[in-house]
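Heads up, the thing below is written out as structure tokens.
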Amino acid sequence: MSKQVIFATGNKGKVKEIEMILADAGFEIRTMKEAGIRIDIVEDGKTYEENALIKVRAVAAQPQAQGCIVMADDSGLEIDALGKEPGVYSARYLGEDTPYSVKNAELIRRLEGVPDEKRTARFVCAIAAKLPDGGEIITRSTIEGRIGYEEKGSNGFGYDPIFYYPPYGKHTAELSEEEKNQVSHRGKALRLMKEELKKI
Ligand code: IMP
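Here my numbering is used: position 105 in the sequence shown is 111, and no number is missing along the way.
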């Protein structure tokens, strides 16, 4: 079984996180760019799983990906009081190029007057892998928390400054990379994927 993995993302931060988690199982990770694959993928699925599958299928169809495991993730933030918005549209919420300071301020504004116990939210992550024999594996995980009242912390990315994680009493942007990997939706979904891949 090949241990060569191509991760379908342009996001350097994600690749670093994935390397930290998968390297000890002997997987060698490359980005699409490092594998010489330059394609635009339209992520028009209605669920995280569909989007992750769209990405791995498109990359696995490229000649450079033959014999490799192709992996991709799709993730988002679900806020219960907003009907699970922004959800699968998290990256596109208020426009793809809008700074997160603006997106975060708007979400806090929309939750004005909503008490603590109703500010529940979660990050969700689905990971798909397409194997050299065409087989597909999907894992999913979440991290449960609440939307805070202001931005806190400067680590992480995206919605981390407004996501309060009760077990640590901190916003996820206040956690170190290692602390976040231990408990994050992506970290947990990746570890589940690692266990699945070890079986084959
Ligand atoms: P993706 O990169 O297409 O999966 O888009 C996921 C979007 O969800 C990101 O652009 C962020 O807006 C949000 N998101 C997903 N995971 C996290 C996280 O760990 N912290 C903060 N925001 C996240």
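For glycine and all other residues, C-beta sits at the position ideal for the given N, C-alpha and C.
Within the same chain, Ser81, Gly82, Leu83, Gly164 and Tyr165 come within 8 angstroms of Ser96 by CB-CB distance, once the 5 residues on both sides are set aside. Only residues of its own chain outside the window of five on either side were considered, and among them Ala132 and Ile144 have a CB closer than 6 angstroms to the CB of Glu55, listed in chain order. With three or more CB-CB distances shorter than 8 angstroms, the segment 7 to 17 counts as touching the segment 29 to 42.
Under the three-state reduction of DSSP, Pro92 is assigned to strand. Beta-carbon to beta-carbon, Lys158 and Pro167 are separated by about 6 angstroms, close enough to satisfy the 8 angstroms threshold. DSSP, read as helix, strand or coil, puts Glu40 in coil.
The beta carbon of Ala97 sits closer than 7 angstroms to at least one heavy atom of the ligand IMP. In the three-state reduction of the DSSP assignment, Glu184 falls in the helix class.
Cβ-Cβ separation between Val94 and Lys52: approximately 7 angstroms, consistent with a contact (criterion under 8 angstroms).
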